[in-house]
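> Got a structure for you, questions after.
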Amino acid sequence: MTMTAMTMPTTPPANPAILPGRGGFFGGLSDTFWRRPKLFLFLMLAPPLLWLGVIYIGSLFALLLQSFFSIDEFSGLIVREFTLSTYAELLRPSNFDIILRTVIMAALVTITSAVVAFPIAYYAARYARGKWKAFFYLGIMLPLWSSYLVKVYAWKLILAKEGILTWAFAKLHLTWLLDGILALPVVGGNSLSISYIGTYLVFVYVWLPYMILPTQAALERVPGNLIEASSDLGATPNQTFRHVLLPLALPGIIAGSIFTFSLTLGDYIIPQIVGSSRLFIGQAVYAQQGTAGNVPLAAAFSVVPIVIMAIYLWIAKKKGAFDAL
Amino acid sequence: MKPAVQFENVSRHFGVVRAVDAVDLKIEPGEFYAMLGPSGSGKTTCLRLIAGFEQPSGGHIEIFGETAEGVPPYRRNVNTVFQDYALFPHLNILDNVAYGMMVRGIGKAERHRAADEALELVKLPGYGARKPGQLSGGQRQRVALARALVNKPKVLLLDEPLGALDLKLREQMQEELKSLQRALGITFIFVTHDQSEALSMADRVAVFNNGGIVQEGTPQDIYNRPRTRFVADFVGSSNVIAPEVMKSLGGEHRWASLRPEAIRLATEGGVSATVAATSFLGAGTRITAEVNGTRLHVMVPAGEANLAVGTPVRLDWSASEVHYMDGAA
Amino acid sequence: MRSDRGTEASWSLKVAAAAGLLFLHLPILLIFVYAFTTEEKSFQWPPPGFTTQWFAIAWNRPDIWQALSLSVQVAAIATAIALVLGTLCAAAVSQTKFFGREAISLLVILPIALPGIITGIALRSAFSLVDIPFSVWTIVLGHATFCVVVVYNNAVARFRRTSGSLIEASMDLGADGFQTFRHIILPNIGTALLAGGMLAFALSFDEVIVTTFTGGQQQTLPIWMLEELIRPRQRPVTNVVAMVVVLVTFLPILAAFYLTREGDQIAGGGK
Numbered sequence: 001m002t003m004t005a006m007t008m009p010t011t012p013p014a015n016p017a018i019l020p021g022r023g024g025f026f027g028g029l030s031d032t033f034w035r036r037p038k039l040f041l042f043l044m045l046a047p048p049l050l051w052l053g054v055i056y057i058g059s060l061f062a063l064l065l066q067s068f069f070s071i072d073e074f075s076g077l078i079v080r081e082f083t084l085s086t087y088a089e090l091l092r093p094s095n096f097d098i099i100l101r102t103v104i105m106a107a108l109v110t111i112t113s114a115v116v117a118f119p120i121a122y123y124a125a126r127y128a129r130g131k132w133k134a135f136f137y138l139g140i141m142l143p144l145w146s147s148y149l150v151k152v153y154a155w156k157l158i159l160a161k162e163g164i165l166t167w168a169f170a171k172l173h174l175t176w177l178l179d180g181i182l183a184l185p186v187v188g189g190n191s192l193s194i195s196y197i198g199t200y201l202v203f204v205y206v207w208l209p210y211m212i213l214p215t216q217a218a219l220e221r222v223p224g225n226l227i228e229a230s231s232d233l234g235a236t237p238n239q240t241f242r243h244v245l246l247p248l249a250l251p252g253i254i255a256g257s258i259f260t261f262s263l264t265l266g267d268y269i270i271p272q273i274v275g276s277s278r279l280f281i282g283q284a285v286y287a288q289q290g291t292a293g294n295v296p297l298a299a300a301f302s303v304v305p306i307v308i309m310a311i312y313l314w315i316a317k318k319k320g321a322f323d324a325l
Numbered sequence: 326m327k328p329a330v331q332f333e334n335v336s337r338h339f340g341v342v343r344a345v346d347a348v349d350l351k352i353e354p355g356e357f358y359a360m361l362g363p364s365g366s367g368k369t370t371c372l373r374l375i376a377g378f379e380q381p382s383g384g385h386i387e388i389f390g391e392t393a394e395g396v397p398p399y400r401r402n403v404n405t406v407f408q409d410y411a412l413f414p415h416l417n418i419l420d421n422v423a424y425g426m427m428v429r430g431i432g433k434a435e436r437h438r439a440a441d442e443a444l445e446l447v448k449l450p451g452y453g454a455r456k457p458g459q460l461s462g463g464q465r466q467r468v469a470l471a472r473a474l475v476n477k478p479k480v481l482l483l484d485e486p487l488g489a490l491d492l493k494l495r496e497q498m499q500e501e502l503k504s505l506q507r508a509l510g511i512t513f514i515f516v517t518h519d520q521s522e523a524l525s526m527a528d529r530v531a532v533f534n535n536g537g538i539v540q541e542g543t544p545q546d547i548y549n550r551p552r553t554r555f556v557a558d559f560v561g562s563s564n565v566i567a568p569e570v571m572k573s574l575g576g577e578h579r580w581a582s583l584r585p586e587a588i589r590l591a592t593e594g595g596v597s598a599t600v601a602a603t604s605f606l607g608a609g610t611r612i613t614a615e616v617n618g619t620r621l622h623v624m625v626p627a628g629e630a631n632l633a634v635g636t637p638v639r640l641d642w643s644a645s646e647v648h649y650m651d652g653a654a
Numbered sequence: 655m656r657s658d659r660g661t662e663a664s665w666s667l668k669v670a671a672a673a674g675l676l677f678l679h680l681p682i683l684l685i686f687v688y689a690f691t692t693e694e695k696s697f698q699w700p701p702p703g704f705t706t707q708w709f710a711i712a713w714n715r716p717d718i719w720q721a722l723s724l725s726v727q728v729a730a731i732a733t734a735i736a737l738v739l740g741t742l743c744a745a746a747v748s749q750t751k752f753f754g755r756e757a758i759s760l761l762v763i764l765p766i767a768l769p770g771i772i773t774g775i776a777l778r779s780a781f782s783l784v785d786i787p788f789s790v791w792t793i794v795l796g797h798a799t800f801c802v803v804v805v806y807n808n809a810v811a812r813f814r815r816t817s818g819s820l821i822e823a824s825m826d827l828g829a830d831g832f833q834t835f836r837h838i839i840l841p842n843i844g845t846a847l848l849a850g851g852m853l854a855f856a857l858s859f860d861e862v863i864v865t866t867f868t869g870g871q872q873q874t875l876p877i878w879m880l881e882e883l884i885r886p887r888q889r890p891v892t893n894v895v896a897m898v899v900v901l902v903t904f905l906p907i908l909a910a911f912y913l914t915r916e917g918d919q920i921a922g923g924g925k
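Chains as they are written, first to last, in the working numbering: chain H, 1 to 325; chain B, 326 to 654; chain W, 655 to 925.
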């Protein structure tokens, strides 16, 4: 550097090595925080911890506690004594059916979502570039974030007996097929909007974006040349899919399944609006705490999805699904 | 005059890890001081202790005779050039350079004029309106330098400032930094893991290992008279000879270092060796010769010897060139 | 999954991806058509005729305006709380190392990781346990709890991208903690906070499950709509409201996308 251009004075004697504090309230506070970083950290964490750790977790524990109480069958009052009888009630055939029904639905919804999500996620991760990437991203984000109730409502319109689906089947001269589906035992019904098939379709629709996003995230991390290497080594596209792509995408799919599974387990609005009158866990919780006034049983019911999810998460963690979240 | 920076028995422990352990050092005003060592040796932690980003677990730090522990970084008249430059991405170059003056409440016109001058000093006049993202690595480095120097610090700290630059730019910046330091008279403290950088730029070098200073001295001291085997190994290029081998070569039964330039090819006397490899280095040729199962590097002027691998040679050196040292690795 | 070679996708993959996207969007578009139908009593398709009269009728319904205004109030307050709590949490987790950092991340995510009904019933039983009457504030309390996570996710992602040495550089140059926050931290995380705030607003504006447990007589817009779905009064008015809700929630999502597209993603998360 040309030193002739030097205009900076060499350190004058009045230039102290340690500057005085800025003073004032904020200057003093800043110094205090700097000197006591633990105090500062505590002050930063106190409000969120108080809110989430005390109010929220406290409420969850209160709920858990209630599940160990029981209800007096004659007076309808809550007996505040430790008992497992409320949990035993869950095993009654009528209650156990609810749990079984919900878990089967959650499993079917999860599997279907994974199958429908994969091509979208794969295309978005591997082929979409530039503008198309943004298009796909918004194409998944907008349905994810648009109103849950509106989405459910849209399906009530679609599945209604006089709705667009019946019309479409008629136009294609496939009314016999629709009637055939509706005539199926258990899953069928008077119309799609009051059948298990309807509930299932809405669940898949509403939770699908939650499956696409983590699957896409996992696929983004698969280098393109890995797939080329596999076909270069003589694998057929099917073999490449089975032995390379699927194992690498699996953590993402499992991460997505955590959402679809958990959300289906706890939902009570979809089966209430689109579906038969048979209850799901969420509806049972709602009914028990509301009209029936049996808070202990409602609490015990709500522990079921927590336990199922805890087991599910434990397995998912073993498979390394959390890296894809 | 009080030392620019003085450490008395300074330690910094992170849990059980002793990043800096009982370090004493004294850096004189106006000195260009290098802290050299492998990563994890404690040199960067020492720098951060001076800047105030870390607090000592024990000991006492003085900056120009004033106690530094408990003083936050913003009250120390010490500035840092960060390894990743840490330019503020949302501010343009001029506001980056003027930042220190801005937070001290200096008016806009005055601080912008000073920032312009500082940019001229680092040969980036007219770059003020650009954003950091639009500059090359070398240019960003100069901005970081200007941003620190414009505050007229008593001590300038440089954390591996040349690490991210390519070789040619690095050599150019080494020279510029050195002349800049001479001209400004500010104490420069410089952290690096590159021994050639430390030796070529610094007035004094401290070699760090395992949280402590192994040796402190002029570059010549460090190079010619490494105190331990570790220093000789780390500074490199010298032959490090094990005690048994040294004894078999007629020396003492101690670890020793012997510079390649100090060994010459002899026609008689000395010890017999076999050429294992040669490499042409421009100004000279480096011969790797095998002696009693040890390989020694010998530096001979270019054109003096053209030896095929396997040729028997005789090596000789004067006993005074052998430097005995501590065996600690 | 045919022919993975090259950059061109196979025909079957394109069809499957396009069909999937259509599946996601067509139902929402259908709502738009129904908002203009002349049919009042059923969901008849195709609509027998088209009219814009339902917009005027909806406009003059005070119950809709009340629900809308409550929803906006709740979302605004919940977002403000979530912004403060989420930013504090994100700053603490990303700027310092302390024991239990992982637990904090888990704690923040828990309210959306657990089914909404559990959060709802837990809060409801807690309110009744300590005799807090239902009000706007109990709704806000529930909403803020699960809104924290979107602010937190956005802020943490930005903090991670922001080099830690920027804060040290600022302090090194003489700025104290408050100056550093104002001149360095805030400008660098500002857009992420704005995006997180918008998503939190959208999340709260749309929430129905927790609200059914934490609200008393007050009706937010989603609660109003749920009532209409269970006990329909004037179906076309519901259609109009549904369409408006879709349009209104799209705006903050698009804005959040443009604010954060350089690098970090809109933190999806659950509802």
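Quick reminder that beta carbons are idealized off the backbone N, C-alpha and C, glycines included.
Nothing here was measured: the structure is a model prediction, and the numbers come from that model.
Would you say L269 of chain B and A598 of chain B are within 9 Å of each other, going by their C-beta atoms?
Nothing in the structure corresponds to residue 269 of chain B, since chain B is present only between 326 and 654.
> I want to verify the contact list: residues of chain W whose CB lies under 8 Å from the CB of T405 of chain B, in sequence order.
To locate residue 405 of chain B, count along the second sequence from 1; it is residue 80. Residues of chain W passing the Cβ test: E822, A823 and D826.
> For P626 of chain B, which residues does DSSP report across the bridge?
Along the second sequence, read from residue 1 onward, the residue named residue 626 of chain B stands at position 301. Bridge partners of P626 of chain B: B:G609.
> Within the continuous alpha helix (DSSP H) that includes Q833 of chain W, where are the two ends?
Numbered from its first residue, the third sequence carries residue 833 of chain W at position 179. That run of the alpha helix (DSSP H) goes G831 to T834.
> Anyone know if the C-beta pair for H622 of chain B and R550 of chain B falls short of 9 Å?
Position 297 of the second sequence, counted from the start, is the residue given in the question as residue 622 of chain B. Position 225 of the second sequence, counted from the start, is the residue given in the question as residue 550 of chain B. Not closer than 9 Å, so no.
> Could you check whether S147 of chain H and A896 of chain W sit closer than 9 Å to each other, using their CB atoms as the reference points?
Stepping through the third sequence from its first residue, residue 896 of chain W is reached at position 242. Stepping through the first sequence from its first residue, residue 147 of chain H is reached at position 147. Result yes, Cβ atoms of A896 of chain W and S147 of chain H sit closer than 9 Å.
> Between R294 of chain B and L449 of chain B, how many whole angstroms is the CB-CB distance? I'm expecting something under 8 Å.
The shown model of chain B, from 326 to 654, leaves out residue 294 of chain B, and the question about it has no answer.
> Can you list, in chain order, the residues of its chain with a C-beta nearer than 6 Å to that of V864 of chain W? Leave out the 5 residues immediately preceding and following it.
Position 210 of the third sequence, counting from 1, holds the residue named residue 864 of chain W. Correct list, in chain order: G770, T773, G774 and G796.
> Tell me which same chain residues have a C-beta within less than 8 Å of the C-beta of T10 of chain H, skipping the five on either side of it?
As a working note, residue 10 of chain H is residue 10 in the first sequence. Per-residue confidence for T10 of chain H stands at a pLDDT of 46, beneath the threshold of 50, marking its modelled position as unreliable; the derived number appears in the next sentence. None.
> Please confirm if P637 of chain B has its CB atom under 9 Å from at least one CB of chain W.
Counting from 1 along the second sequence, the entry for residue 637 of chain B is found at position 312. No, P637 of chain B lies away from the interface with chain W (no Cβ there is under 9 Å from its Cβ).
> If you measure beta-carbon to beta-carbon, which residues of the stretch 392-416 of chain B are closer than 9 Å to chain H?
Per Cβ criterion, the list reads T392, A393, G395, V396, P397, P398, Y399, R400, R401, N402 and V403.
> Using 8 Å as the cut-off, can you tell me whether the stretch 403-411 of chain B makes contact with the stretch 33-49 of chain H, which would need three or more C-beta pairs spanning the two stretches below that distance?
no
> G130 of chain H touches chain W at which residues, Cβ-Cβ below 9 Å?
Numbered from its first residue, the first sequence carries residue 130 of chain H at position 130. Ordered by position in chain W, no residue passes the 9 Å Cβ test against G130 of chain H, which lies about 12 Å from the chain.
> Threshold first: 3 residues or longer. Then list the beta strand (DSSP E) segments lying entirely within the stretch 503-549 of chain B, N to C.
512-517, 529-534 and 537-542
> Answer yes if the stretch 111-128 of chain H comes into contact with the stretch 217-228 of chain H, meaning at least three C-beta pairs across the two stretches below 8 Å, and no otherwise.
Touching, yes, given that three or more Cβ pairs across the two stretches are closer than 8 Å.
> First and last residue of the beta strand (DSSP E) that includes M326 of chain B?
For the purposes of this step, residue 326 of chain B is taken as residue 1 along the second sequence, with counting starting at 1. First-last for M326 of chain B: undefined, no H or E at that position.
> Where does the unbroken alpha helix (DSSP H) through R778 of chain W begin, and where does it stop?
Translated into the one-based positions of the third sequence, residue 778 of chain W becomes position 124. It spans G770 to L783 - the alpha helix (DSSP H) in which R778 of chain W sits, taken as one unbroken run.
> Any C-beta of chain H sitting closer than 9 Å to the C-beta of L761 of chain W?
Looking up residue 761 of chain W in the third sequence gives position 107. Output row for L761 of chain W: interface = yes.
> To the nearest angstrom, report how far apart A673 of chain W and I731 of chain W are at their CA atoms.
For the purposes of this step, residue 673 of chain W is taken as residue 19 along the third sequence, with counting starting at 1. For the purposes of this step, residue 731 of chain W is taken as residue 77 along the third sequence, with counting starting at 1. The alpha-carbon of A673 of chain W is positioned some 40 Å away from that of I731 of chain W.
> Pull out every residue of the stretch 843-867 of chain W whose Cβ sits closer than 8 Å to any Cβ of chain B, in chain order.
none
> Rounded to a whole number of angstroms, what is the C-alpha to C-alpha distance between L138 of chain H and R129 of chain H?
Here residue 138 of chain H is taken as the residue at index 138 of the first sequence, counted from 1. Here residue 129 of chain H is taken as the residue at index 129 of the first sequence, counted from 1. Distance between the alpha carbons of L138 of chain H and R129 of chain H is about 13 Å.
> Spatial neighbours of M655 of chain W within its chain, please: CB distance less than 6 Å, with the 5 preceding and 5 following residues excluded, ordered by chain position.
The count along the third sequence starts at 1 and reaches residue 655 of chain W at position 1. Only weak support is given to the placement of M655 of chain W: the predicted model assigns it a pLDDT of 40, under 50, and the value that follows is read from those uncertain coordinates. None.
> What's the C-alpha gap between T741 of chain W and S85 of chain H?
If you number the third sequence from 1, residue 741 of chain W lands on position 87. If you number the first sequence from 1, residue 85 of chain H lands on position 85. When rounded, the distance between both Cα atoms is 44 Å.
> Mind listing which residues of the stretch 472-485 of chain B have their C-beta closer than 9 Å to chain H's C-betas, in chain order?
L474, V475, K477, P478, K479 and V480
> Enumerated in chain order, which unbroken segments of the alpha helix (DSSP H) with a length of 4 residues or greater are wholly contained in the stretch 834-912 of chain W?
Whole alpha helix (DSSP H) segments, 4+ residues: 840-860, 863-868 and 875-884.
> Using only CA atoms, which one of W:P890, W:G869 and W:T692 lies nearest to T792 of chain W?
In the third sequence, the residue the question calls residue 792 of chain W occupies position 138. When W:P890, W:G869 and W:T692 are compared, the shortest CA-CA separation from T792 of chain W is found for W:G869.
> For the stretch 535-549 of chain B against the stretch 342-361 of chain B, are there 3 or more C-beta pairs whose distance is under 8 Å?
yes
> Under three-state DSSP, which class holds L482 of chain B?
Position 157 of the second sequence, counted from the first residue, corresponds to residue 482 of chain B. L482 of chain B falls in the strand class under three-state DSSP.
> Using a Cβ-Cβ cut-off of 8 Å (strictly less than) and excluding sequence neighbours within five positions of V152 of chain H, which residues of its own chain qualify?
Residue 152 of chain H sits at position 152 when you count from the first residue of the first sequence. The answer, listed in chain order, is V202, V206, I269, I270, I273 and V274.
> One question on the structure: do T914 of chain W and T866 of chain W come within less than 9 Å of each other, judged by their Cβ atoms?
For this step, residue 914 of chain W is matched to residue 260 along the third sequence. For this step, residue 866 of chain W is matched to residue 212 along the third sequence. Not in contact: T914 of chain W and T866 of chain W (Cβ atoms no closer than 9 Å).
> For A508 of chain B, which residues of its own chain have a beta-carbon under 8 Å away from its beta-carbon, when the five flanking residues on both sides are left out?
Against the second sequence, residue 508 of chain B aligns to sequence position 183. Cβ neighbours of A508 of chain B beyond the five flanking positions: none.
> One question on the structure: do A359 of chain B and V480 of chain B come within less than 9 Å of each other, judged by their Cβ atoms?
Residue mapping note: residue 359 of chain B aligns to position 34 of the second sequence, counting from 1. Residue mapping note: residue 480 of chain B aligns to position 155 of the second sequence, counting from 1. No, Cβ-Cβ distance for A359 of chain B and V480 of chain B is not below 9 Å.
> Out of B:P397, B:F357, B:P363 and B:N534, which has the shortest C-alpha to C-alpha gap to R373 of chain B?
Here residue 373 of chain B corresponds to residue number 48 of the second sequence, with the count starting at 1. Residue B:P397 is the option with its Cα nearest to R373 of chain B.
> In the stretch 19-35 of chain H, which residues sit with their C-beta less than 7 Å from some C-beta in chain B, listed in chain order?
Answer in chain order: L19, G21, D31, W34 and R35.
> In or out: F82 of chain H buried (at least 16 other Cβ within 10 Å) or exposed?
Taking the first sequence and counting its residues from 1, one reaches residue 82 of chain H at position 82. F82 of chain H comes out exposed.
> Would you say I711 of chain W faces chain H, with C-beta separation under 9 Å as the test?
Start at 1 with the first residue of the third sequence, and residue 711 of chain W comes out as number 57. No, I711 of chain W does not count as interfacial toward chain H.
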